[in-house]
Amino acid sequence: MNARLPHGRPLQDVALDADARFEFAGGILLTATPAWVAKEKMLDSLSEWDRKAVQESPFCLIATYEAAALGDPDPAWAGSEPKSIQDTKYELCVLANLALWLRRASPAHFVVVLHARQFGDTPITQRVSRHSPLLCHPEDAQEITFRLSQRIAFLRAENSTQAKQFFALAKKGYGFRSKIVHGRWKDDPESTTRMAEVEELVRRSFGCILTGAALRDTFSGKGREAYLDELSFPLLSRWSSGNLRRHGRGRAEGSSCRTIARRHLRRR
4 MNARLPHGRP LQDVALDADA RFEFAGGILL TATPAWVAKE KMLDSLSEWD RKAVQESPFC
64 LIATYEAAAL GDPDPAWAGS EPKSIQDTKY ELCVLANLAL WLRRASPAHF VVVLHARQFG
124 DTPITQRVSR HSPLLCHPED AQEITFRLSQ RIAFLRAENS TQAKQFFALA KKGYGFRSKI
184 VHGRWKDDPE STTRMAEVEE LVRRSFGCIL TGAALRDTFS GKGREAYLDE LSFPLLSRWS
244 SGNLRRHGRG RAEGSSCRTI ARRHLRRR
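Be aware that the sequence shown starts at 4, since it is given in the working numbering, and climbs by one per residue.
So, in structure tokens, the structure goes:
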């Protein structure tokens with residue numbers, strides 16, 4: 004007989020009413036952290052910092068599902084390689100966290116996942132894992148900085164002036180990120196400004212992609228890299244001729260980039 008396996012992801016930096024409860028796609032719940040989480044003995048396997056963060060997190064993301072044991076394959080998964088139900092639920096929690104950020108920029112996040120098995124009214128934790136660490140890109144840092152900055156600029160800009168501004172902001176932001184990752188970061192009075200600029204660029208870029216059906220299809224398939232690499236050519240041609248369409252400011256965020264993207268996709 005299958006057992007109910009509640010998986011908890013304590014969320015840090017979240018301020019809500021104590022009885023707040025929100026449901027995301029896939030049955031993911033944002034709710035108050037159950038009392039048993041802070042008392043869980045398996046938290047001792049974490050660092051003191053992570054353990055304290057879990058115990059002090061008032062809210063968490065919870066995914067509950069039926070399975071015989073941890074590692075059971077997800078019957079709904081259609082990929083070529085098998086995937087466990089717990090991995091699917093974990094990914095849904097990541098998407099829920101991303102949805103919160105897209106709706107409103109905030110530091111809300113989770114780093115620890117508790118995999119528990121329900122016995123009667125008392126969940127028993129079987130595994131505690133930490134969120135995957137930040138991985139550095141294996142390619143040359145300068146090349147990645149240029150390509151990333153250029154892609155953001157061409158995806159978001161309405162004209163060449165905006166493209167230059169977006170390119171400069173993205174380049175500064177990625178440079179600051181690289182200093183942090185490689186331990187070369189020192190107190191910088193503009194660090195908060197850099198983070199705010201990058202966060203705004205990334206949020207608007209995500210909004211541009213997610214709200215356009217053509218771009219969603221492109222980014223979900225195998226044509227993403229080719230599309231991004233080719234994006235500059237039709238835009239540069241339009242900007243140089245002075246015929247780039249001006250879009251009304253009353254439209255939703257991302258309307259201009261969606262229109263430009265659709266034109267580009269139709270030409271391909």
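Glycine is no exception: its CB is placed at the ideal position from the N, C-alpha and C atoms.
Query                                                                                                                                                 : Result
Does DSSP put S181 in a helix, in a strand, or in coil?                                                                                               : helix
Could you tell me if F122 is buried or exposed, where buried requires 16 or more neighbouring beta carbons within 10 angstroms of its beta carbon?    : exposed
Which ranges would you report for the alpha helix (DSSP H) in the stretch 66–112 if only whole runs of at least 4 residues count?                     : 88–106
Helix or strand or just coil, what does DSSP make of I127?                                                                                            : strand
Out of curiosity, what's the CA-to-CA distance linking Y230 and E59?                                                                                  : 44 angstroms
Would you list the residues sitting across from V115 in a DSSP beta bridge?                                                                           : R133
Could you pull the start and end residues of the alpha helix (DSSP H) that T196 belongs to?                                                           : S194 to L213
Does the beta-carbon distance from S152 to F170 come in below 9 angstroms?                                                                            : yes
Touch check for the stretch 126–134 and the stretch 32–45: three-plus C-beta pairs under 8 angstroms?                                                 : yes
Output the distance between the C-alpha atoms of F113 and T195, rounded to the nearest integer angstrom.                                              : 21 angstroms
Does DSSP classify F27 as helix, strand or coil?                                                                                                      : coil
In angstroms, rounded to a whole number, what distance separates the CA positions of L19 and F62?                                                     : 8 angstroms
Do the CB positions of S66 and L105 come within less than 9 angstroms of each other?                                                                  : Note that residue 66 is Ala in the sequence shown, not Ser. Going by C-beta atoms, A66 is not nearer than 9 angstroms to L105.
Residue range of the beta strand (DSSP E) that A35 falls in?                                                                                          : L32 to A35
Taking 8 angstroms as the limit between beta carbons, can you name the residues of its chain near T125, skipping five residues before and five after? : W39
What first and last residue would you give for the alpha helix (DSSP H) that runs through E51?                                                        : E51 to Q58
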